[in-house]
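Encoded as C-alpha cells, the structure appears first; notes follow it.
Number of protein chains: 4
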Amino acid sequence: MSNPLRVTVWNEYRHERNPNHSASHVYPEGMHAPIANSLREAGMEVRVATLDEYDHGLTEEVLANTDVLTWWGHAAHHEVADHIVDRVQARVLEGMGLVCLHSAHYSKIFKRLMGTTCNLKWREAGERERIWVVDRAHPITSGLPEHFVLEHEEMYGETFDIPPPDHLVLISWFAGGEVFRSGCCYNRGAGKVFYFRPGHETYPTYYDGNVLKVIANGVRWAAPHHGPAPVFDNQAPLEPLPAH
Amino acid sequence: MSNPLRVTVWNEYRHERNPNHSASHVYPEGMHAPIANSLREAGMEVRVATLDEYDHGLTEEVLANTDVLTWWGHAAHHEVADHIVDRVQARVLEGMGLVCLHSAHYSKIFKRLMGTTCNLKWREAGERERIWVVDRAHPITSGLPEHFVLEHEEMYGETFDIPPPDHLVLISWFAGGEVFRSGCCYNRGAGKVFYFRPGHETYPTYYDGNVLKVIANGVRWAAPHHGPAPVFDNQAPLEPLPAH
Amino acid sequence: MSNPLRVTVWNEYRHERNPNHSASHVYPEGMHAPIANSLREAGMEVRVATLDEYDHGLTEEVLANTDVLTWWGHAAHHEVADHIVDRVQARVLEGMGLVCLHSAHYSKIFKRLMGTTCNLKWREAGERERIWVVDRAHPITSGLPEHFVLEHEEMYGETFDIPPPDHLVLISWFAGGEVFRSGCCYNRGAGKVFYFRPGHETYPTYYDGNVLKVIANGVRWAAPHHGPAPVFDNQAPLEPLPAH
Amino acid sequence: MSNPLRVTVWNEYRHERNPNHSASHVYPEGMHAPIANSLREAGMEVRVATLDEYDHGLTEEVLANTDVLTWWGHAAHHEVADHIVDRVQARVLEGMGLVCLHSAHYSKIFKRLMGTTCNLKWREAGERERIWVVDRAHPITSGLPEHFVLEHEEMYGETFDIPPPDHLVLISWFAGGEVFRSGCCYNRGAGKVFYFRPGHETYPTYYDGNVLKVIANGVRWAAPHHGPAPVFDNQAPLEPLPAH
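And the structure:
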C-alpha cells in the first residue's frame, strides 16, 4: 500500500482576514480551509502555509516533505520573496507537483515556470461560468460530468498569455461572451504543473463539489512519479570513439 | 482499496509455435508468457488472448472486462478480422487502454487509431539499442534509469510515420546510426494508447527488467480514468436564445 | 518568385442545387464559389471539384496537381467512394494540405486521418458564435482580430471527439452555452490538416471576411513544405556493427 | 511582394577574437559571419550584434526593427545584462522570432523563456553526429535529406531539461551513444522560438550546407505572423448579463 500524498495548500490569506472584505464572510477560516478539508477527505496528508508565516511557510524542510503544492495568491504576489520563488521552482523541477488556482496565474512562481506574461482579460460581474471537459481521457476529468456550472464567478477571458498547454483539459464559457483555457497541464523538469481557473475570493467556489474534485484530481495527477534523476555536464562516451 | 487492473495480453503467437523458428526457443511458452507473468507480479489481473482463438480471443465479453489491452503482432496482421479491429477501436475510444508493442506498429488497430502508414526503417542485425528517457515527469518513466541498454535488438529507425505523439517519453539510439521515437503516448477518445518499441521475437527482450517495467508503467498509465461519457448529436440550448 | 499555390475546393454541392433548400438562395452558385473566389483574390490558382463529377472530381491527375484541398460535405459523406478516400489520404500523407470545413468533421477522409469518431454536439438555432484566437503566434491568426462574431450559425459543441490538436488556434463561444475547439492543426505524414468549424449551408458564413481570411491562412499554412521523402523498410547499417 | 525579413544575428564573439583559441582559426571573421552571409544569400536583410557593443548591440531601436533574432553565446552568458534580457523577452512575446543556437541553450534569454534549467550532458570529443528529421511536415525540414552528418561535433545528450517542445523536428544520434532533441519549436506569446543544437566553436559546423538550411528555415518559420494584439485586464461584457 502506498503512503498518502503529502500536500501543502498555500494561501495568500489576506482578504479573508480583513473584516471589511466579503471574502471574510465567504471563507471565515480562509480559502485554504475547504481545499485542505477536501484533500484530507480524499485521504491525503495536508498542511497549510500562508504568506505571512516565516519564509511564507515554505521552508526547505516543508518543501522537501511536500509531494504537491497548491497555490492561491492575488493582491500580494509582489510580496513573495524571490528566493522563495527560486526554492519552489527548484523543487518543481526536481519533481514536486504544483497546482495553481485562479489568480495564481499572475504569481511569480507560475510566470517563472511559464516564461510568458500570463496576463488575461477579467471582469468582476458575478456571471455564470460553464466549464467543459475537452479531453475525457485525461485523469483530471475522472468522475466529472461533461460540463458543470458556477453560477457566479469572476470572468477570465482569452487571450491568456501562456505557452500552449501540453494537455488542455477544460475550457470555460462565460455569460458575457468570453472563453478561457481553464484546465492546463504542463510537464516541467521532473515536475508537473496544473493551472485551474475558478476561485474568486468573493464567491463560494471552493465549496463546489466539482471544483473540489478537479483540485483533488489535479493533485493526484501532479504527484511525483520518480522518473530518473538526470546527470548533467561532462560525460565519458558510452561507446568507443574512433581515434582522430 | 481499488480493484486490480484487468489486463488482456494479446499475442499473434505463431512464431513461437513453429519449432523451426528461433522464437520457439527464446519464448517456449509464447512471448505473452513473460509479459503476463510480470503484470501479474505487479498485482494485475491478467488474461491472454491469441490470434487463432475464436474472435482472436477478443469477444465482446472479454473486451468489456478489459481495462488495458497489450498487443504484439508481426507476420499475420492481415489475418486479424476487420470487425474485431472495429470492436477494439470502439472500446479504446470508450476508455480501454491499448499498449502496442514492437511490430504492432503495423497492426490494423494501431494504423486505424493513428491515421497514418506507421511505416519505418528496420534491420535485423542484433545490434545494441540504448533507450533514453526524454520526459522524466511522465509516469511511464517511474523507476527507470536515465537510459538502459538492450544488447541485441532489431533496429527500427526514423522516419516513423506516426502523428506527433501527445507525449514523447523515450528515444532509442542504435549502434548502426539510427534513432527512433520508442515511447509514444496518445489520447484517443476516452482511451489512451502507448506505443513501445522493443521486442523482436528472436531476442530475450521481454525478460529484461527495464522493458517489463516500461510495459507495467504503460499499462498503469493507459488504465481508464472514467472521465465523462459524452452526449452527441442534437442538443437543446443551455441558455435562453433570443428570438429572431 | 514562387509559383502560386494550387488549391482544389471540394464541395458536396447538393443542398445548393435543390431549389427547395434555403442553401440554394444563400449560395446560388454553390458554397464553393465564395471560397474559390476569395482564394483566387489571394493569388492562388483554384479549381473546383464536386461529389457528382467523375471520381468526385478527384482524379489521380487532379490530386497530383493540388497543393491544398479544401473539403465541405454534409448529407452525402457515405456516397464518397472508399477508393477516393484512400487516394486523398495517400496524397495528404505525401504532403498535400487538407482544410476541412464545418460538417466535414464527419467526412470519411477526416475520420480516417483522425482515427476517432469525430462526433460532436450540434443545434440548428441560428445563434450567435464568437470565435476567439488562443494562439496568436500561429500563422493562421495572421491579420485576425482577437475575436470575431458570426451572428447566426449552427452550434457545434464539445465533446468534439478528435485527437488533441497539435496546435489549437481558435475556440468558439455559443450563445446557447457551449464551447468548441474551432481551429485545429494536425501534422500527418508529410501533410498538414486544418479543421475550421463555421459554415452551415443556410447562413452566409462563407461571405464573412474573417472566415475567408482564416481559410486563406489555413490553406497557406497547410501548403507542402517539401521535407525529406522517407525511405522505409530494410536498411543497411550506417555505422560498422561489431561482429557477433 | 513582401519586404525582406529583417534578421539580427547575435554572437557573443569572444572565442574568435582570442588568437590562442582554435575558434579564431575556424571562424576568423566570427561565427556570425557565415550565418549572416547565408541568410543574406537567402534574401534576408541581416545585421550583426555582439556582446561587447553598447547594450550588446540590442538597443530598443534595433529590436524594434528585428523580425527574427538568432543567438549564439557560450562562456559569457552571465555578462548579458538582465535589462537586455527583459527587453528581448518582451520583444519575443510581442512577436519577434528567436533562434537559439547550440550553447545558447544556457543563455539567460532561453532559460527565461523556457522556465526550466535547460541543462544537458556534453562531451568535447569531436565525434560524429547524425541529425534525423522526425516531423517532415514541418517547414523547418524543407529541402533537407532524411538525415545528415556532421563528422566532428561536441556531443549534447539527454536529459535536456526543457519543456516538451510544441513541435519536435530533429533528433541527433551521437557516436558515443547519446541522443538529443536537436530541433525544438515553441510558441511563446506572439513569438516563436526555435532551438537548434549544432555549432561548437571549434568545428566548421556553420559552413555546412544542411546546417545553414535549417537555420534559414528556422528564421523563416519564426518570422512574425501578425496575429491579433491582445487586450488585457478589465473588460465590459460583450453580451448582456442578467441583473442579480
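Chains as they are written, first to last, in the working numbering: chain A, 1 to 244; chain B, 1 to 244; chain C, 1 to 244; chain D, 1 to 244. Think of the CB as a built atom: it goes at the ideal place given N, C-alpha and C, for glycine as much as any other residue.
CB-CB under 6 Å to residue i, same chain, minus the five flanking residues each way: which ones, in chain order?
i               : result
Y27 of chain D  : E16
L98 of chain D  : L69, V92, V193
L212 of chain D : S38
F148 of chain A : I131, N210
A229 of chain A : none
Y195 of chain C : C100, C184
N3 of chain B   : none
N187 of chain A : D166
Can you name the start and end residues of the alpha helix (DSSP H) that residue i belongs to?
i               : result
F110 of chain C : 108-114
E94 of chain D  : 82-94
L120 of chain D : Premise fails: L120 of chain D is in no alpha helix (DSSP H) and is neither H nor E.
G143 of chain A : Counting along the chain, G143 of chain A falls outside any alpha helix (DSSP H), and DSSP gives it neither H nor E.
L212 of chain C : 209-222
L63 of chain C  : 60-64
V179 of chain A : Run containing V179 of chain A: none in the alpha helix (DSSP H); it sits in the beta strand (DSSP E), 179-188.
V26 of chain A  : 23-26
Could you pull out every residue in the same chain whose Cβ sits closer than 8 Å to the Cβ of residue i, ignoring the five residues on either side in sequence?
i               : result
V179 of chain B : G157, E158, I171, S172, W173
D24 of chain D  : According to the sequence displayed, residue 24 of chain D carries Ser and not Asp. Result list for S24 of chain D: H15, E16, R17, N18, in chain order.
I84 of chain D  : D55, H56, L58
Y13 of chain C  : G30, M31, H32, T50, L51, D52
D161 of chain C : T116, T117, C118, N119, L120
Y203 of chain B : V26, G126, L150, H152, E153, E154
E94 of chain B  : G189, A190, G191
H226 of chain D : G95
Would you grab the beta carbon distance between residue i and residue j for me? Rounded to a whole angstrom, and I think it's under 8 Å.
i               : j               : result
L113 of chain A : V80 of chain A  : Incorrect: roughly 14 Å between the Cβ atoms, too far for contact.
P123 of chain C : Q235 of chain B : In the sequence as displayed, the identity of residue 123 of chain C is Arg instead of Pro. Going by Cβ atoms, the distance from R123 of chain C to Q235 of chain B rounds to 5 Å, so yes, they are a contact pair.
I140 of chain C : N217 of chain C : 5 Å
M219 of chain C : L5 of chain C   : In the sequence as displayed, the identity of residue 219 of chain C is Val instead of Met. With a Cβ gap of about 7 Å, V219 of chain C and L5 of chain C count as contacting.
G115 of chain B : P164 of chain B : About 12 Å; that fails the 8 Å criterion.
E201 of chain B : H74 of chain B  : 7 Å
D233 of chain D : K121 of chain A : 7 Å
E61 of chain B  : R87 of chain B  : Not quite, the Cβ-Cβ distance comes to about 11 Å (not below 8 Å), so this is no contact.
Which residues mark the beginning and the end of the beta strand (DSSP E) in which residue i is found?
i               : result
H167 of chain C : 167-174
L101 of chain B : 97-101
R136 of chain A : Note, R136 of chain A: premise wrong, no beta strand (DSSP E); not H, not E.
E45 of chain D  : 45-50
S38 of chain B  : It is not in any beta strand (DSSP E) - S38 of chain B instead sits in the alpha helix (DSSP H) that spans 32-41.
V68 of chain C  : 68-72
V7 of chain A   : 6-11
Just to confirm, are residue i and residue j a CB contact at a threshold of 7 Å?
i               : j               : result
S182 of chain B : I131 of chain B : yes
E146 of chain D : L241 of chain A : no
G176 of chain D : M155 of chain D : yes
D67 of chain D  : P224 of chain D : yes
M96 of chain C  : G191 of chain C : yes
W71 of chain A  : A42 of chain A  : no
Looking only at its own chain, which residues have a Cβ that is under 7 Å from the Cβ of residue i, when we skip the five neighbours before and after it?
i               : result
Y106 of chain D : H77, C118
H167 of chain A : D135, H138, C185
D208 of chain D : L150
A36 of chain D  : V9, V46, V48
S142 of chain B : N217
Q89 of chain C  : I109, R112, L113
E239 of chain B : none
R40 of chain D  : V46
key: Residues of the stretch 175-191 of chain B with Cβ closer than 8 Å to any Cβ of chain D, in chain order   = G177, E178, V179, R181
request  = Give the residues from the stretch 133-157 of chain B that approach chain A closer than 9 Å (Cβ to any Cβ), ordered along the chain.
outcome  = V133, D135, R136, A137, H138, P139, I140, T141, S142, G143, L144, P145, E146, H147, V149
query = What residues in the stretch 43-76 of chain A bring their beta carbon closer than 9 Å to a beta carbon of chain B?
reply = none
request  = Anything in the stretch 115-130 of chain D with a Cβ closer than 9 Å to a Cβ of chain C? List those residues in chain order, please.
outcome  = R128, R130
Interface residues of the stretch 205-237 of chain A facing chain D [CB-CB below 8 Å] = P228, P230, V231, F232, D233, N234, Q235, A236, P237
request  = May I ask you to list, following chain order, the residues of the stretch 4-18 of chain A that have a beta carbon less than 7 Å from some beta carbon of chain C?
outcome  = none
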